Ligand code: FAD
């Protein structure tokens, strides 16, 4: 049951499926100059079943996504009133199941999946276990992230024995690809063969002192083993183009995949710029402020996203990666005009 070398051949344990797993970097290489299509989904809220995932994927299948990313959600801390002035602290994971969902999608649709893995909440041992699990499942991809601070903490606090930055997680995954397991002095360890991706921010990461500093840290992630990058959502293509130029000047040569999100609701207008610290260009903002209903916002947002996508494609973006945030109808409208 060994897989051929072109698709993760060093792994000796793969599930019995007809699918041949491919790395994101190989999809990009094979596409040559063609722009690929991919998208990101969220695991369903705890208590919902897997069909809500299929409902998000099915409408996008006709556009032949090269890969599907599945986000990872850290636990949240909530406090419950227990009477007599007592508050109970509860750790709650609202969207569990990232790795299982990836394996299920791969088996059901024969499409490559990219599980996100974060530093937050993971010790190095738990990270290693998760990476081994991916290898056993025949999933050859991982997007390695730090994760955000827990909601009621002011800054990111790594787990005891966990990683403080994404670069450390990337180093661990890259080490495993060389057969470097934790505490492996007495083991003859088989290497994994994971394609590692990382995040980047055309408008800088909110915590970074400035874009130059952020790009310098980004270079460390690539040097540590990230083979491609996916951007935070942005609405101004000029910011992506100049960011790519800045990365190239800094010696970052890997593909930089633009991440796109069609704005579709009044709520998006209120929270996306604030949450992701992204600016809306004047021409787009002027149209959005005129909107009085979600339908009006959606019409403007979809039109903007189509124009963004077409320009990125015309200028040779390697792949257009869409953030569905659990809703695929707007992404479908955009993609059907572009691909
Ligand atoms: P890092 O690369 O570690 O950077 C974090 C900050 O630290 C940056 O400001 C950077 O400049 C700085 N920095 C880096 N190295 C150093 C150093 N050595 N010393 C000092 N400062 C340093 N979050 C989730 O929880 N789950 C997800 O599934 C998820 N998916 C995402 C997908 C994409 C494409 C993107 C763009 C983001 C995603 N996020 C996700 C959000 C991400 O976890 C946050 O943006 C997080 O705050 C930073 O993650 P990072 O991997 O970019 O961190």
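Residue numbers (this note's numbering): 22 to 360. We treat Cβ as the ideally placed atom computed from N, Cα and C, and that holds for glycine. Values in this document were obtained by computation on a predicted structure and should not be read as measured data.
Can you determine whether any heavy atom of the ligand FAD sits closer than 7 angstroms to the C-beta of residue i, and answer yes or no?
i: residue 242; result: yes
i: residue 333; result: no
i: residue 354; result: no
i: residue 186; result: yes
i: residue 167; result: yes
i: residue 133; result: no
i: residue 329; result: no
i: residue 229; result: yes
i: residue 193; result: no
i: residue 75; result: no
i: residue 251; result: yes
i: residue 304; result: no
i: residue 280; result: yes
Taking DSSP as the reference, what is the three-state secondary structure of residue i?
i: residue 137; result: strand
i: residue 111; result: strand
i: residue 294; result: helix
i: residue 340; result: strand
i: residue 216; result: strand
i: residue 122; result: helix
i: residue 357; result: helix
i: residue 38; result: In this prediction, residue 38 scores a pLDDT of 47, lower than 50, which makes its location untrustworthy; no coordinate-derived value is stated.
i: residue 279; result: strand
i: residue 100; result: strand
i: residue 312; result: coil
i: residue 43; result: coil
What number of angstroms, rounded off, separates the C-alpha of residue i from the C-alpha of residue j?
i: residue 346; j: residue 206; result: 43 angstroms
i: residue 54; j: residue 209; result: 41 angstroms
i: residue 45; j: residue 87; result: 8 angstroms
i: residue 30; j: residue 133; result: With a pLDDT of only 40 at residue 30, under 50, the local geometry of the prediction cannot be trusted, and no value is derived from it.
i: residue 41; j: residue 219; result: 23 angstroms
i: residue 92; j: residue 344; result: 10 angstroms
i: residue 100; j: residue 215; result: 39 angstroms
i: residue 137; j: residue 58; result: 18 angstroms
i: residue 56; j: residue 246; result: 23 angstroms
i: residue 331; j: residue 322; result: 14 angstroms
i: residue 337; j: residue 262; result: 11 angstroms
i: residue 342; j: residue 258; result: 14 angstroms
i: residue 51; j: residue 109; result: 53 angstroms
i: residue 193; j: residue 151; result: 12 angstroms
i: residue 244; j: residue 313; result: 47 angstroms
i: residue 179; j: residue 97; result: 14 angstroms
i: residue 291; j: residue 78; result: 27 angstroms
i: residue 113; j: residue 254; result: 27 angstroms
i: residue 242; j: residue 186; result: 10 angstroms
Looking at residue j and residue i, is the spacing between their C-beta atoms short of 8 angstroms?
i: residue 188; j: residue 163; result: no
i: residue 280; j: residue 318; result: no
i: residue 278; j: residue 227; result: no
i: residue 256; j: residue 190; result: no
i: residue 273; j: residue 309; result: no
i: residue 294; j: residue 264; result: no
i: residue 115; j: residue 81; result: no
i: residue 155; j: residue 120; result: yes
Looking at residue i and the ligand COA, is the gap between the Cβ and the nearest heavy atom below 7 angstroms?
i: residue 93; result: Annotation note on the ligand COA: not contained in the displayed structure, which lists the ligand FAD as its ligands.
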